[in-house]
Amino acid sequence: MRSLSAIAFAGLLVVVASSTPVSAQQPAPDTASVQVRALRMLRDSTERVRGSIAQFRRDLAMAGEQTVVGRARRLTQSCAGLRVAVAQATPLLQPPPTAHGGLVAAHRELLAAMRTTDSVLRTECEQGLSATGPGQWADSLKAWGPYRTSQIHRSLASVDAGLAGFAQAADVKLTPNGR
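See the structure below:
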């Protein structure tokens, strides 16, 4: 009889636990963990763009038309991915109202770098690497690609500095190439 009561009680616990919403079972993530995920998302997205730039520039002068165009498309996709990451991360990186001045300043610097990079990506990647315009697309990419990618690289360096400054001010450790 006791074992039947224990089984009935266990069954009741399962029903109650399964009917409780998941959000009530798990605590909401704290601001720091949300910010860490946002910082890592940005860092990973900038690294993807860097990889696409390296691939695009590899033997650019000797690469065939199809190769150059394909690499430009991949770079454009990486740039678009970083622009999405910037848009998603911006509200997540808002420091709490009680944040110290160093964190607020680091947040401001990171946002400025992200805005600048978004503009550079729109100009140099989306517009600059597009198929529109006069002349042969592959030839245009070969001629202007090094300049455009150097502009993108420069803006990524400012985001890197902003990420490092924000992480330090928030007392968050972002391991290189790790989680």
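Going by our numbering, the letters in the sequence shown line up with residues 5 to 183, in that order. Just so it is clear, CB atoms sit at the ideal spot from N, CA and C, and this is done for glycine as well.
Residue i (DSSP reduced to helix, strand or coil)
i, result
"residue 99", "coil"
"residue 160", "helix"
"residue 179", "coil"
"residue 48", "helix"
"residue 43", "helix"
"residue 167", "helix"
"residue 75", "helix"
"residue 62", "coil"
"residue 68", "coil"
"residue 22", "Since pLDDT at residue 22 reaches only 41, below the 50 mark, its modelled position is unreliable, and no value is offered."
"residue 173", "helix"
Whole-angstrom distance between residue j and residue i, CA atom to CA atom
i, j, result
"residue 97", "residue 104", "14 Å"
"residue 25", "residue 150", "A caution first: residue 25 carries a pLDDT of 45, below 50, which makes its placement in the model unreliable, though a value can still be read off. Approximately 53 Å between the Cα atoms of the pair."
"residue 95", "residue 161", "21 Å"
"residue 195", "residue 102", "Here the chain has residues from 5 to 183 only, and residue 195 is not among them."
"residue 83", "residue 154", "14 Å"
"residue 132", "residue 40", "32 Å"
"residue 179", "residue 47", "10 Å"
"residue 72", "residue 127", "19 Å"
"residue 64", "residue 169", "35 Å"
"residue 146", "residue 122", "23 Å"
"residue 116", "residue 49", "17 Å"
"residue 75", "residue 106", "40 Å"
"residue 119", "residue 91", "9 Å"
"residue 135", "residue 56", "18 Å"
"residue 44", "residue 61", "26 Å"
"residue 88", "residue 81", "11 Å"
"residue 109", "residue 99", "10 Å"
"residue 140", "residue 93", "37 Å"
C-beta contact flag for residue i and residue j at 9 Å
i, j, result
"residue 38", "residue 86", "no"
"residue 111", "residue 42", "no"
"residue 114", "residue 163", "yes"
"residue 3", "residue 79", "Outside the shown range of the chain (5 to 183) lies residue 3, about which nothing can therefore be said."
"residue 68", "residue 142", "yes"
Any chain B beta carbon closer than 9 Å to residue i
i, result
"residue 112", "Protein chain content of the structure displayed is limited to a single chain, and chain B is not contained in it."
Q: Could I get the ranges of all uninterrupted alpha helix (DSSP H) runs contained in the region 79 to 149, with 4 residues as the minimum, in chain order?
A: Listed in chain order, they are 105 to 124.
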